[in-house]
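All remarks here apply to the structure that follows.
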Ligand code: ATP
Ligand code: FE
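Shown next as structure tokens:
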């Protein structure tokens with residue numbers, strides 16, 4: 007099987023060609039960071055227009071790099087949600103056009119399923135496994151028992167960690183996306199200089215919260231500015247290290263509980279925040295202590311990409327799923343429709 011995957015749910019236009027034996031023949035990611043930089047966040051209208059302009063070329067480049075043309079494909083997978091609706095629509099329209107023109111099967115993919123199934127593309131991983139999906143817009147623990155079987159056993163009740171990294175970067179005057187910037191600053195920081203909270207650690211279950219942590223960083227910053235008239239380079243490093251440690255500790259403790267609750271043999275992590283070295287190490291330690299295996303995709307497959315969509319498309323296709331020309335773009339699309347007893351209300 008050879009699939010084209012198209013991704014356009016946020017600010018990365020991406021296309022990839024992936025084979026059913028888990029070979030990534032090509033993966034093109036055309037990021038829009040520069041387009042949105044002056045606005046301090048992703049502007050949906052600008053993103054939608056850029057996707058509409060660039061996706062074609064991403065697909066062309068992905069095919070060229072794979073040394074393939076459309077007739078070598080067995081199907082076309084596309085992110086059909088959740089995400090910024092204009093961008094998702096641009097991808098879905100392109101995929102429908104290609105499917106109609108070639109007669110190839112069309113498979114709509116949930117972007118979150120794309121992230122959550124990535125460890126099966128990058129590792130020899132069988133079901134079931136525990137997935138911690140930590141990205142710019144989401145944070146949830148999922149018990150994954152099949153390509154379309156996700157049981158949510160906890161998640162954030164407010165911000166996603168990626169969002170918190172981005173906001174912390176913004177309030178410290180660092181570049182966007184905030185995750186890599188905060189991680190770089192934290193490298194030489196003293197994590198113990200500021201005592202930041204560990205939200206919801208005292209509450210049972212696997213729900214998480216990050217908005218109070220972000221506010222605590224804001225207060226610490228304001229305190230420093232008031233006392234010194236500004237921030238010193240060291241202050242930024244120390245604040246970033248303290249923040250990153252707090253996020254990492256909370257994620258690790260909740261992952262420990264989620265492993266215990268599910269008895270899953272593997273802890274897998276995916277989503278942009280999974281690119282963070284401190285967080286990866288903390289999760290790896292938790293898995294080892296629980297006697298579970300740990301797996302995380304390489305960094306480039308943690309953030310948004312087309313390969314994960316092509317792969318999720320292959321997995322869905324193998325289960326007999328196809329979509330028709332009535333495939334719709336969905337701004338919201340929860341991965342799990344079952345309510346687990348430990349369920350929270352977050353995203
Ligand atoms: P979603 O998948 O929830 O729709 P998204 O697609 O925008 O959101 P991703 O592309 O998976 O999210 O991840 C982007 C997020 O990951 C950003 O918030 C970014 O700051 C964060 N991130 C990237 N690298 C790192 C890192 N090294 N440390 C922490 N966070 C990081
Ligand atoms: Fe994503």
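Numbering (full-length UniProt numbering), first residue to last: 7 to 353. Cβ atoms here follow ideal geometry from the backbone N, Cα and C, with glycine treated the same way. If you're wondering where the values come from, they're calculated on a predicted model, not measured in any experiment.
State buried or exposed for residue i, treating a residue as buried only when at least 16 other CB atoms are found within 10 Å of its CB.
i, result
"residue 45", "exposed"
"residue 335", "buried"
"residue 98", "buried"
"residue 21", "buried"
"residue 319", "buried"
"residue 283", "exposed"
"residue 77", "exposed"
"residue 196", "exposed"
"residue 298", "buried"
"residue 73", "exposed"
"residue 324", "exposed"
"residue 236", "exposed"
"residue 240", "exposed"
"residue 332", "exposed"
"residue 350", "A caution first: residue 350 carries a pLDDT of 41, below 50, which makes its placement in the model unreliable, though a value can still be read off. Its Cβ being crowded by 16 or more others within 10 Å, residue 350 is buried."
"residue 29", "exposed"
"residue 238", "exposed"
"residue 312", "buried"
"residue 157", "buried"
Whole angstroms is fine: what's the gap from residue i's alpha carbon to residue j's?
i, j, result
"residue 101", "residue 230", "51 Å"
"residue 1", "residue 185", "Limits of the chain in this structure are 7 at one end and 353 at the other, which puts residue 1 out of reach."
"residue 346", "residue 75", "For residue 346, the predicted structure reports a pLDDT of 49, less than 50, and the residue's modelled location is therefore unreliable. The matter cannot be settled from this model."
"residue 215", "residue 162", "5 Å"
"residue 330", "residue 106", "10 Å"
"residue 160", "residue 27", "32 Å"
"residue 60", "residue 66", "10 Å"
"residue 293", "residue 138", "12 Å"
"residue 199", "residue 63", "48 Å"
"residue 225", "residue 32", "45 Å"
"residue 108", "residue 58", "20 Å"
"residue 145", "residue 103", "33 Å"
"residue 255", "residue 172", "18 Å"
"residue 11", "residue 228", "45 Å"
"residue 153", "residue 71", "28 Å"
"residue 83", "residue 155", "19 Å"
"residue 174", "residue 205", "16 Å"
Excluding sequence positions up to five away, which residues of its chain have a Cβ less than 6 Å from the Cβ of residue i?
i, result
"residue 135", "150, 270, 272 and 274"
"residue 305", "281"
"residue 111", "81 and 328"
"residue 124", "276, 303, 307 and 314"
"residue 68", "21, 22, 23, 32 and 34"
"residue 19", "36, 57, 60, 61 and 64"
"residue 290", "300"
"residue 352", "The predicted position of residue 352 is uncertain, since its pLDDT is 44 and thus under 50; a value taken from the coordinates is nonetheless stated next. Cβ neighbours of residue 352 beyond the five flanking positions: 161, 162 and 163."
Quick check on the DSSP output: the alpha helix (DSSP H) that includes residue i runs from which residue to which?
i, result
"residue 121", "117-128"
"residue 62", "50-72"
"residue 290", "283-295"
"residue 225", "217-234"
"residue 254", "239-268"
"residue 177", "167-177"
"residue 40", "39-42"
"residue 307", "305-308"
Return yes when the Cβ of residue j is within less than 8 Å of the Cβ of residue i, no when it is not.
i, j, result
"residue 96", "residue 14", "yes"
"residue 246", "residue 321", "no"
"residue 8", "residue 90", "no"
"residue 169", "residue 207", "no"
"residue 328", "residue 113", "yes"
"residue 257", "residue 285", "yes"
"residue 250", "residue 210", "no"
"residue 233", "residue 202", "no"
"residue 167", "residue 140", "yes"
"residue 301", "residue 131", "yes"
"residue 341", "residue 86", "no"
"residue 219", "residue 252", "yes"
"residue 359", "residue 148", "One cannot answer for residue 359 here, as it falls past the ends of the chain, which runs 7 to 353."
Along the chain, where does the beta strand (DSSP E) containing residue i start, and where does it finish?
i, result
"residue 300", "299-301"
"residue 99", "Where residue 99 is concerned, there is no enclosing beta strand (DSSP E), although the alpha helix (DSSP H) it sits in stretches over 91-108."
"residue 13", "8-13"
"residue 330", "Element bounds for residue 330: n/a, residue is neither H nor E."
"residue 273", "272-276"
"residue 85", "81-87"
"residue 145", "145-152"
"residue 158", "155-161"
"residue 184", "Element bounds for residue 184: not the beta strand (DSSP E) but the alpha helix (DSSP H), 184-192."
"residue 25", "18-25"
Skipping 5 residues on each side, what residues in its chain have a beta carbon closer than 8 Å to that of residue i?
i, result
"residue 16", "48, 53, 89, 90, 93, 142, 143 and 310"
"residue 296", "262, 265, 266 and 273"
"residue 51", "92"
Here's a check: name, in chain order, each residue in its chain whose Cβ is nearer than 7 Å to the Cβ of residue i, leaving out the five neighbours to either side.
i, result
"residue 194", "243"
"residue 355", "Beyond the ends of the chain as shown, which are 7 and 353, falls residue 355; an answer cannot be given."
"residue 217", "164 and 165"
For ligand 4, is there a heavy atom less than 7 Å away from the beta-carbon of residue i?
i, result
"residue 291", "Only ligand 1 and ligand 2 can be found as ligands here, which leaves ligand 4 out of the picture."
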